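Trainee:
Residue numbers (this note's numbering), protein chains in the order written: chain A, 199 to 309; chain B, 74 to 189.
1. Starting from residue 164(B), find everything on chain D with Cβ-Cβ shorter than 9 Å and list it in chain order.
2. So with CB distances below 8 Å, who are the chain A contacts of residue 121(B)?
3. If residue 132(B) sits next to residue 119(B), beta carbons under 8 Å apart, how far is it from one beta carbon to the other, in whole angstroms?
4. Please specify which runs of the beta strand (DSSP E), each continuous and at least 3 residues long, are wholly inside the region 247 to 273 of chain A, giving them in chain order.
5. Going by Cα to Cα distance, which pick from 178(B), 160(B) and 89(B) is closest to residue 240(A)?
6. Considering only C-alpha positions, which residue in the set 137(B), 103(B) and 159(B) is nearest to residue 144(B)?
7. Do you know offhand how far residue 62(B)'s Cα is from residue 110(B)'s?
8. Would residue 223(A) and residue 289(A) be called neighbours here (beta carbons separated by less than 8 Å)?
9. Taking the Cβ atom as the reference point for each residue, do residue 114(B) and residue 184(B) lie within a distance shorter than 8 Å?
10. In terms of DSSP beta bridges, what is residue 151(B) paired with?
11. In whole angstroms, what separates the C-alpha of residue 213(A) from that of residue 277(A)?
12. If we define contact as Cβ-Cβ less than 8 Å, is residue 129(B) a contact residue for chain A?
13. In the DSSP assignment, what are the bridge partners of residue 296(A)?
14. What does a CB cutoff of less than 6 Å around residue 94(B) pick up in its chain, not counting 5 residues either side in sequence?
15. Can you check whether the CB of residue 285(A) is closer than 8 Å to the CB of residue 234(A)?
16. To the nearest angstrom, how far is the alpha carbon of residue 129(B) from that of residue 181(B)?
17. Just to make sure I have the definition right: I need the residues of chain B whose C-beta is within less than 7 Å of the C-beta of residue 300(A). Which are they?
18. In the DSSP assignment, the beta strand (DSSP E) including residue 216(A) goes from what residue to what residue?
19. Does any C-beta atom of chain A lie closer than 8 Å to the C-beta of residue 182(B)?
20. Rounded to the nearest angstrom, what separates residue 262(A) and residue 90(B) at their Cα positions?
So, in structure tokens, the structure goes:
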């Protein structure tokens with residue numbers, strides 16, 4: 199079963215624009231992580247935000263977490279064609295070591 | 074530093090045949106995971122190892138799937154016999170496995186299995 203639900207399922211933007219992806223989850227979590235998967239390649243970890251954090255930055259990435267709404271967002275600023283990939287949120291549920299992934303958002307950045 | 078290594082990258086077999094996947098995690102990583110990823114879906118955990126011990130295999134279909142990590146380093150995942158519905162990408166991941174410390178998982182490129 200999958201815990202997270204990303205929204206939108208697919209997103210197409212122009213290079214230079216910002217891309218925002220949202221993730222909702224169902225149960226309490228220890229932390230939430232975002233991963234990227236390029237076509238035909240494995241997943242790459244982007245950023246981890248703990249349940250007691252509200253916002254985190256890494257380069258052009260900004261992640262927010264709202265535990266009261268059980269939701270997170272990933273913002274990619276000044277997007278590039280190389281950002282074209284599927285983006286997954288994944289949660290570690292309270293008391294568990296298990297990482298549970300959502301279905302992902304497929305982002306296309308057009309040159 | 075070498076990442077997680079998986080082989081083969083692609084495998085095509087006929088149904089009812091056996092198949093095996095191999096994974097070598099990042100050196101020093103105690104925790105190893107096998108995931109299954111269907112097209113258009115996120116990965117789903119099959120089994121998690123802490124060193125050589127399988128600590129979470131609740132999602133592993135034990136009638137046909139088996140896994141081992143004999144020396145606590147590399148691991149194999151086997152399907153016997155394979156069914157059409159087993160066509161998917163099988164991902165291996167590893168992490169340092171430090172208790173109580175939230176950490177990322179490092180994924181291999183996966184093995185794409187096609188069952189005909």
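Note that the Cβ used here is the ideal one computed from N, Cα and C, for glycine as well.
The structure displayed is predicted, hence computed values, not measured ones.
Mentor: Checking against the coordinates, here is how it stands:
1. Protein chains in the displayed structure are A and B, and chain D is not among them.
2. 295 and 296
3. 6 Å
4. 253 to 256 and 259 to 264
5. 178(B)
6. 103(B)
7. This structure leaves residue 62(B) out entirely; chain B is present only between 74 and 189.
8. Contact annotation: residue 223(A) and residue 289(A) have beta-carbon atoms nearer than 8 Å.
9. no
10. 93(B) and 139(B)
11. 5 Å
12. yes
13. In the DSSP output, where bridge partners are listed per residue, residue 296(A) has none listed.
14. Cβ-Cβ distances below 6 Å link residue 94(B) to 150, 163 and 184 in the same chain, with the five nearest sequence neighbours on each side left out; the list follows chain order.
15. Between residue 234(A) and residue 285(A), the C-beta spacing is below 8 Å.
16. 20 Å
17. 115
18. Neither: residue 216(A) is in no beta strand (DSSP E) and is coded neither H nor E.
19. yes
20. 47 Å
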